[in-house]
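Trainee:
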Amino acid sequence: MPSFPKPKIPDSIVPPPLRKPGKPGTGGTPKGQAPSDLKTAPPERQSHGDKLLERGKEAPIDALGWVDQRLAASGFLTGMLYRKVPKGTNWFYTLGSATLFAFIVQAVTGVFLAMYYTPSATQAYASIAHINNDVPLGQFVHGMHKWGASVMVILIFLHMGRTFFFGAYKYPRELNWVIGVVLLILTMTMAFTGYLLPFDQRSFWASIVGININGTGPVVGPYLSDFLRAGPELGATTLARFYAIHMLLVPGALIALIGAHMYLVVKLGTTAPPWVNAERPKGASPLAQLDAGANGNGRVNGNRVDGAPVSGEGTNGSAS
Ligand code: HEM
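Numbering follows numbering that gives the first Met the number 0, with no gaps: position 301 of the sequence shown is 300.
1) Under 7 angstroms, Cβ to Cβ, is there at least one residue of chain B near alanine 190?
2) If leucine 349 and leucine 157 are in contact, beta carbons under 8 angstroms, what's the gap, nearest whole angstrom?
3) From this set, Val219, Leu196, Ser224, which residue's C-alpha is nearest valine 208's C-alpha?
4) Cα separation between threonine 215 and proline 221?
5) How would you write the range of the alpha helix (DSSP H) that glutamine 218 sits in, first residue to last?
6) How do the region 76-85 and the region 260-270 stand: do at least 3 beta-carbon pairs fall below 8 angstroms, yes or no?
7) Straight-line CA distance for valine 104 to aspartate 133?
8) Can you tell me whether asparagine 175 is helix, strand or coil according to DSSP?
9) Considering only the alpha carbon of each residue, which of Ala128, Gly179, Gly78 lies closest to lysine 266?
10) Does the beta carbon of alanine 113 fall short of 6 angstroms from some heavy atom of the ligand HEM?
11) Tell whether a beta-carbon distance below 7 angstroms holds between leucine 154 and alanine 101.
12) For the putative contact between tyrosine 116 and glycine 137, defined by C-beta atoms under 8 angstroms, what is the C-beta separation to the nearest angstrom?
13) May I ask whether a heavy atom of the ligand HEM can be found less than 6 angstroms away from the beta carbon of glycine 251?
14) Taking 6 angstroms as the cut-off, is the beta-carbon of asparagine 175 closer than that to any non-hydrogen atom of the ligand HEM?
15) Would you identify the three-state DSSP class for tryptophan 65, choosing helix, strand or coil?
16) Looking at serine 206 and leucine 195, is the spacing between their C-beta atoms short of 7 angstroms?
17) In the structure shown, what three-state DSSP assignment does glycine 166 receive?
18) As a quick exercise: from Thr192, Leu256, Gly64, pick the residue whose alpha carbon is nearest that of phenylalanine 226.
19) Please classify glycine 95: does DSSP put it in a helix, a strand, or coil?
20) Should valine 180 be counted as a contact of the ligand HEM given a C-beta to heavy atom distance under 6 angstroms?
21) Look at the Cβ atom of proline 59, then the Cβ atom of tyrosine 242, and state whether they are nearer than 7 angstroms.
22) Closer than 6 angstroms to a non-hydrogen atom of the ligand HEM - does that hold for the CB of glycine 159?
23) Please report the Cβ distance between threonine 162 and valine 249, rounded to the nearest whole angstrom; I am assuming they are in contact, meaning their Cβ atoms lie under 8 angstroms.
24) Following a CB-centred definition, is tyrosine 170 positioned closer than 6 angstroms to any heavy atom of the ligand HEM?
25) Which ranges would you report for the alpha helix (DSSP H) in the region 181-263 if only whole runs of at least 4 residues count?
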């Protein structure tokens with residue numbers, strides 16, 4: 000095949016690391032336009048303004064370095080963000096993060112709604128109407144919070160289904176499953192208590208139905224419905240109680256438990272899908288074989304589950 004002459008690429012558009020060095024012995028500055036990096040004056044010849052600009056560019060990195068020296072956070076963040084994940088990790092593993100994102104959206108939109116909402120039986124409905132009709136972007140934020148609640152409930156169930164069907168509730172992640180169950184109950188509590196807050200006809204009657212359903216539960220059911228109703232009939236005290244549960248009690252518990260849930264995810268790593276065979280090294284101890292987790296060599300996120308010291312070899316069954 001005939002070879003065509005290659006067109007000459009102008010030196011000025013070739014990035015410095017790829018630029019051909021001058022022929023040895025030719026010396027001096029090459030002919031033509033000087034490369035842009037040589038044009039920059041050395042620091043001793045820079046003007047005061049240039050020096051200030053350079054320092055300005057470095058300032059954010061310097062500030063981060065200053066904070067990091069005092070917090071030693073970069074090691075933690077590197078450990079958290081650059082985790083090894085098991086082979087076969089797929090889109091189903093994003094459901095937990097999607098639930099977390101939905102929670103953050105609920106928290107942020109909830110804060111803005113709280114700035115305008117009045118938790119009073121006589122004013123709640125009007126304050127919601129005010130948010131929807133008069134406050135800039137009020138209807139949008141209210142809509143995000145209202146639909147976001149359903150999104151979070153759907154996502155949490157899908158995430159729970161993923162962890163169940165992938166066997167992620169097994170040793171050593173039972174505690175994270177239990178924390179997850181509490182998170183599910185708290186999320187449902189948020190959805191239920193939030194529903195009454197607009198105090199319109201629909202939320203009023205739906206909450207009576209919900210409270211009565213709670214009352215049918217065994218042993219604690221009647222006590223629970225009495226507690227929720229906060230009186231013989233659903234009224235102003237019920238609204239105040241639901242508001243306190245929705246705004247103060249449950250969000251605090253949710254944040255604390257999500258923190259514990261995430262800590263365990265980072266500490267233990269995630270499980271491989273059940274169809275991925277975790278290879279077991281020859282002569283692995285029975286306890287090490289118990290681990291059905293991030294890798295098949297008896298380690299959970301790099302640490303041996305049987306407490307034995309970790310030798311220098313690479314992790315089996317894990318993709319970096
Ligand atoms: C606010 C609710 C929740 C949030 C924000 C959340 C978040 C997460 C995240 C980000 C992960 C790691 C990535 C993943 O596997 O998807 C995870 C893992 C896990 N979650 Fe949740 N989760 C929540 C509720 C639940 C519930 C309701 C359960 C079960 C009852 C549960 C059980 C687990 C388990 C067992 C793991 C470990 C998965 C593995 O090792 O493969 N979580 N969660």
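Every residue, glycine too, gets a C-beta built ideally from N, C-alpha and C.
Quick caveat, the model's predicted, so the values are computed rather than measured.
Mentor: By the coordinates alone:
1) Reference to chain B is not applicable here, since this structure consists of a single protein chain.
2) What is shown of the chain runs 0 to 319, which leaves residue 349 out entirely.
3) Ser224
4) 7 angstroms
5) In the sequence under discussion, the amino acid at residue 218 is valine, which differs from the glutamine named in the question. Careful: valine 218 lies outside any alpha helix (DSSP H) and carries neither H nor E.
6) yes
7) 22 angstroms
8) helix
9) Gly78
10) no
11) yes
12) Actually they are not in contact, since the Cβ atoms of tyrosine 116 and glycine 137 sit about 11 angstroms apart, beyond 8 angstroms.
13) no
14) yes
15) helix
16) yes
17) coil
18) Thr192
19) helix
20) yes
21) no
22) A quick correction: the sequence has methionine, not glycine, at residue 159. Yes, Cβ of methionine 159 sits closer than 6 angstroms to a heavy atom of the ligand HEM.
23) Actually they are not in contact, since the Cβ atoms of threonine 162 and valine 249 sit about 22 angstroms apart, beyond 8 angstroms.
24) no
25) 200-214, 220-228, 235-243
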